[in-house]
Every structure is written in C-alpha cells, then in structure tokens.
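Take the sequence shown: its letters are residues 1 to 111, numbered as in this note's numbering.
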Amino acid sequence: MNSFKLTWHRFPSFIEARESFRGKRCIYLQTNADENILRVGECDDPWERYKGGTAYALDAAGHNSGNQYFFAEVNEESKTRKAIEANLIFDLQPKYNNQHKKKPPRVQLQC
Numbered sequence: 001m002n003s004f005k006l007t008w009h010r011f012p013s014f015i016e017a018r019e020s021f022r023g024k025r026c027i028y029l030q031t032n033a034d035e036n037i038l039r040v041g042e043c044d045d046p047w048e049r050y051k052g053g054t055a056y057a058l059d060a061a062g063h064n065s066g067n068q069y070f071f072a073e074v075n076e077e078s079k080t081r082k083a084i085e086a087n088l089i090f091d092l093q094p095k096y097n098n099q100h101k102k103k104p105p106r107v108q109l110q111c
C-alpha cells in the first residue's frame, strides 16, 4: 500500500485558500467550526477550478459559520490525486461527499 504524507494549511475562507494555492495541485477539506470534516475535494488548480463567483459563493454560504478550509499541495497526476481523495472520503465519511463512501477504493492508499 502506497503512503502519502499530506501537509495541511488552514484558512478561514475559501477565497484566501484559493489565492494561496493558485497554480498548485491539491487536496482540500472543508470543516465546520469544530473541525468536523464536511467535504473532501481535489483539483489541479483551485484558482482555475473555482473561478468567477464560485469561491465567493462558498464563502457567502459559510458566512459567520466558523467553517475552515484545509489545503495540502499534492504534486501528483490527477489519477493519483483522485485516488487520495477517494481514500480520504471512504475513511472520513464526510457528510457532503456522495461518492466513494460505500465501497473501499480500488487503489488503497494511506494518507
């Protein structure tokens, strides 16, 4: 089983996270104020993935909620990032992910 070490960076807003991780491949978590994980995601570049008003809509929806965003740079190709994402979703069972929760991922990774 392959192992990946993720170094997480915390942000109080998605807009700040998107700016800090501009141009970087990453995995990200959205948590509530108590740091319970709500959602796991991955992308090539959060600046491109969440352009226009999407990042602002996320921050507006979470206004004064205390939600946090945790981002980790992952310099791997999309296939590997998607496998990491699937493993995290299966292991953590976040409320707002609807894929990868019922069956273990085909590629087992330790994060």
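Ideal placement from N, C-alpha and C gives every residue a C-beta, glycine not left out. Keep in mind that this is a model prediction, so the values were computed, not measured.
{"query": "Start and end of the beta strand (DSSP E) containing tyrosine 69?", "result": "68-73"}
{"query": "Write down the C-beta distance between lysine 24 and glutamate 73 rounded to the nearest angstrom, noting that I regard them as a contact closer than 8 Å.", "result": "5 Å"}
{"query": "Give me whichever residues DSSP pairs with lysine 13 in a beta bridge.", "result": "According to the sequence displayed, residue 13 carries serine and not lysine. In DSSP, serine 13 forms no bridge with anything."}
{"query": "Considering only residues of the same chain and omitting the five flanking positions on each side of arginine 81, which have a CB-CB separation below 7 Å?", "result": "Arg25, Ile27, Glu42, Val74"}
{"query": "Output needed for alanine 17: all residues of its chain with C-beta closer than 6 Å, excluding positions within five of it in sequence on either side, in chain order.", "result": "Phe11, Tyr69, Phe71"}
{"query": "Quick check on DSSP: helix, strand or coil for glutamate 48?", "result": "helix"}
{"query": "Would you mind giving the Cβ-Cβ distance between phenylalanine 14 and aspartate 44, rounded to the nearest angstrom? I have them listed as a contact below 8 Å.", "result": "Actually they do not touch by this definition, with Cβ atoms about 17 Å apart."}
{"query": "May I ask which residues mark the beginning and end of the beta strand (DSSP E) holding threonine 7?", "result": "Threonine 7 -> no beta strand (DSSP E), and no H or E assigned at all."}
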